[in-house]
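Data first, discussion second: the structure below is written as structure tokens.
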Amino acid sequence: MGSHSTKCCGQDMVYLPAESEENGWPKIYTYKCSKCGKYHREVIDAEDVCGPR
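Residue numbers (numbering that gives the first Met the number 0): 0 to 52.
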């Protein structure tokens, strides 16, 4: 799992930085399928994500 890639219609979905929230909490990663236009949101709110050190 390590890399943020989501598949739809047999290909990687496109990551949309403008629709995502990487600095807030929880972190929200938004993807869109360039074939069917479906959106996918990944919400990361786990405590074990690399936090401040």
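Glycine residues also receive a C-beta, built at the ideal position from the N, C-alpha and C atoms.
Going by other Cβ atoms of all chains shown within 10 Å of its Cβ, with 16 needed for buried, is residue i buried or exposed?
{"i": "TYR30", "result": "buried"}
{"i": "ALA17", "result": "exposed"}
Within this structure, are the beta carbons of residue i and residue j separated by less than 7 Å?
{"i": "ILE27", "j": "VAL42", "result": "yes"}
Go ahead and pull the three-state DSSP assignment for residue i.
{"i": "GLY21", "result": "The residue you asked about is not Gly; residue 21 is Glu in the sequence shown. DSSP places GLU21 in coil when its eight states are reduced to three."}
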